[in-house]
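First comes the structure, then the notes that go with it.
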Amino acid sequence: MNYSLSLLDEYRSLFPILQSKVHLAACSQGALSIHVKQATEKYVHSLMMEGTNWSEAIQNVEESKRKFAQLIGAEIDEIAVMTSVSDAISAIATSLSYDEGKNRIFTTDMDFPTVGHIWLAQRQNGAEIHFLPTKEDTIYPEHYERYLDGNTLLTSIADVSYYNGFKQDIAQISKIVHEKGSLLLVDAYQSAGHYPLHVKEMNIDILVTGTRKYLLGIPGIAFLYVKKELAETLTPRITGWLGQEAFASLDLHNLCYGAGTRRFETGTPSFISAYAASSALDLFLDIGVERISEHCRKLADFTVSYGVEKGLRPAGSLSSKQRGIMTAFYIDKAQEVEKSLRTKGILVSSRKDVIRMAPHFYNTTSDIEQAINEICKIQ
Ligand SMILES: Cc1ncc(COP(=O)(O)O)c(C=O)c1O
Numbered sequence: 023m024n025y026s027l028s029l030l031d032e033y034r035s036l037f038p039i040l041q042s043k044v045h046l047a048a049c050s051q052g053a054l055s056i057h058v059k060q061a062t063e064k065y066v067h068s069l070m071m072e073g074t075n076w077s078e079a080i081q082n083v084e085e086s087k088r089k090f091a092q093l094i095g096a097e098i099d100e101i102a103v104m105t106s107v108s109d110a111i112s113a114i115a116t117s118l119s120y121d122e123g124k125n126r127i128f129t130t131d132m133d134f135p136t137v138g139h140i141w142l143a144q145r146q147n148g149a150e151i152h153f154l155p156t157k158e159d160t161i162y163p164e165h166y167e168r169y170l171d172g173n174t175l176l177t178s179i180a181d182v183s184y185y186n187g188f189k190q191d192i193a194q195i196s197k198i199v200h201e202k203g204s205l206l207l208v209d210a211y212q213s214a215g216h217y218p219l220h221v222k223e224m225n226i227d228i229l230v231t232g233t234r235k236y237l238l239g240i241p242g243i244a245f246l247y248v249k250k251e252l253a254e255t256l257t258p259r260i261t262g263w264l265g266q267e268a269f270a271s272l273d274l275h276n277l278c279y280g281a282g283t284r285r286f287e288t289g290t291p292s293f294i295s296a297y298a299a300s301s302a303l304d305l306f307l308d309i310g311v312e313r314i315s316e317h318c319r320k321l322a323d324f325t326v327s328y329g330v331e332k333g334l335r336p337a338g339s340l341s342s343k344q345r346g347i348m349t350a351f352y353i354d355k356a357q358e359v360e361k362s363l364r365t366k367g368i369l370v371s372s373r374k375d376v377i378r379m380a381p382h383f384y385n386t387t388s389d390i391e392q393a394i395n396e397i398c399k400i401q
C-alpha cells in the first residue's frame, strides 16, 4: 500500500534531505526546505552587505505573525513572537494574579516537562498547582469535569503529547474548562502545522507553539496567541521596549503596554528565525493544513498498523481519534536504536523508553516501512 503523494509529491523536491535520508522526526526538528535556507541566507547577506536591515527584519517578524494568525484563524494583533514555548507560557504565568479563592492551575501528567516547571515556579506567587492524572496512557475528559472547580484560574494542557502522541479533544475540554470558570491554555507544539487549529471555533484563550517542529522552521521563534479581550486585561511582569504601545518614541520613563498580544513582546527577537518562519509558513498556507492533516492521518494510521503487524508495541491510545500523527513505540534501549538508525540514514526521535516516528506532508508509507523494518532488524 502506498498513499502516494499525488498532490503533495511536488513538494518533496523542496527538501534536499529527502534525497539521502528518511526524515520522520518532525516531533523534534522538521525538515528544512530550500526556501527556508534561502530566506536565512537573505537575512545574513543583507546584514553582511548593508550593515543593517532592521526595517526588513521587523517586516519579516510581522509577516510571520500575520501568516501564523491566518493559520489558526486569529487576528495579527492577537499574536506575539517569543523566543521559545517556555518563554511564551512564562509570559502568561507571570502576568496572572493568583488571588486566594482563584489561584489553582491545572495541568496534566502528560504535558512537556517545561510546562510543569513553569507552573510550579508560580507557587512563590501564590499559585496552587495540580496535575490531572493519566490512566492507561489516556487523559479522560471526565477528569476535567471531576477535578476542576471554581477556584481554577487556568487549565494548561497539550493538544498532543510529546511522549506518546495522545491527542485530546480540545473543543470538548474547552467547554468543560470554561463552564468551570477557568481560562484554557493549549500547548500546540506537537500539533500546529499538521492539524487544523481554529482558536475561535475551539474557544481557546491562549495558544503557544514554536516553529522548529511541524512548522518546519528553526529554533528562536515561538508564537503566543492570546484572545484580544483577555490580553488587554493582563499586565506583563516581564516586558521590554518592543512590548510598548509606542516603542519607536523611546520613552524611558513611562510604561505603556502595547495593544493586544504584542504587549507580551520584550526585546529584539531572533530575526533569522523570523525569516525562516515566514518562509516556512508560506508552504502551509499554500498547501492547506486540512490537506496536510488528511495525508498525515493516513500515514499515522499506517504507522500503527504496520508497526503492530511487525510486532512493535505502540504507546498511547490505539483509537485514531485519540492519536496525533506521531506514533511512539516502546523499544528497548531507544536512544541506542535511534543512533543506529541514524547511521542508516533514518531519522527518528527517542524519548525515555520510546522511539517516536513523526511524519509530515513530505513522507510516504515507504519511509515508514523502511524505519520499522530497520527497527525490527535491530530489536
Ligand atoms: C509539547 C511541547 N511543549 C513545549 C516544548 C518546549 O519548547 P521550547 O524548548 O521552545 O520551550 C516542547 C519541546 O519539545 C514540546 O514538545
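Okay, so the sequence shown: first residue is 23 according to the working numbering, each after it adds one.
Ideal placement from N, C-alpha and C gives every residue a C-beta, glycine not left out.
Here the structure is a predicted model, which means the values were calculated and not measured.
Ligand 1 heavy atom lying under 8 Å from the CB of Pro241: Yes, since a heavy atom of ligand 1 falls inside the 8 Å radius drawn around the Cβ of Pro241.
Arg411, DSSP secondary structure in three states: Residue 411 is absent from the model: the chain starts at 23 and stops at 401.
Distance CB(Ala79)-CB(Phe383) smaller than 9 Å: no
Span separating the alpha-carbon of Phe306 from that of Glu312: Taking the straight line joining both Cα atoms gives about 10 Å.
Residue span of the beta strand (DSSP E) that contains His152, given as start and end: 150-154
Start-to-end residues for the alpha helix (DSSP H) that takes in Tyr185: Neither: Tyr185 is in no alpha helix (DSSP H) and is coded neither H nor E.
Assigned secondary structure, Leu252 (DSSP; H/G/I helix, E/B strand, else coil): Helix.
DSSP state of Asn24 mapped onto helix, strand, coil: Bear in mind that a pLDDT of 44 at Asn24, under 50, signals an unreliable position, so the number given afterwards is only what the model happens to contain. Residue state, collapsed to three classes: coil.
Nearest to Gln190 (by Cα), restricted to the options Leu219, Asp109, Lys202, Ser204: Check the Cα spacing between Gln190 and each of Leu219, Asp109, Lys202, Ser204: the tightest is with Leu219.
Residue environment, Lys87, which counts as buried when at least 16 other CB atoms sit within 10 Å: buried
Check whether Met379 and Leu46 have beta carbons under 9 Å apart: In this structure, Met379 places its C-beta atom within 9 Å of the C-beta atom of Leu46.
Three-state secondary structure assigned by DSSP to Ile368: strand
Cβ-Cβ distance between Ser371 and Ser106 below 9 Å: no
Cα-Cα separation between Gly232 and Tyr211, rounded to whole angstroms: 6 Å
Residues near ligand 1, criterion Cβ-heavy atom distance below 6 Å: Ser106, Val107, Ser108, Phe134, Thr136, Ala180, Tyr184, Asp209, Tyr211, Gln212, Gly232, Ala244
Pairwise C-alpha distance: Pro381 and Ile240: 17 Å
The segment 349-363 contacting the segment 246-255, beta-carbon criterion three pairs below 8 Å: no
Reduced DSSP category for Ser50 - H, G, I as helix; E, B as strand; rest coil: coil
Contact under 9 Å by Cβ, Ala268 with Asp99: no
Cβ-Cβ separation, Ala356 to Val326 (assumed contact under 8 Å), whole Å: No, Val326 and Ala356 are not in contact; Cβ-Cβ is about 18 Å, not under 8 Å.
Delimiting residues of the beta strand (DSSP E) encompassing Ile377: 376-379
Ser42, DSSP secondary structure in three states: coil
Glu360 versus Pro163: straight-line alpha-carbon distance, rounded: Distance between the alpha carbons of Glu360 and Pro163 is about 34 Å.
Given 8 Å, three or more beta-carbon pairs between the segment 319-338 and the segment 62-73: no
Any 3 or more C-beta pairs closer than 8 Å across the segment 111-127 and the segment 137-146: yes
Nearest residue (CA-CA) to Gly242, options Glu316, Pro291, Gln41: Pro291
Continuous alpha helix (DSSP H) stretch holding Thr387: start and end: Per DSSP, the unbroken alpha helix (DSSP H) holding Thr387 starts and ends at 387-400.
Candidates Asn276, Leu238, Ala244, Gly262: closest to Ser301 by CA position: Leu238
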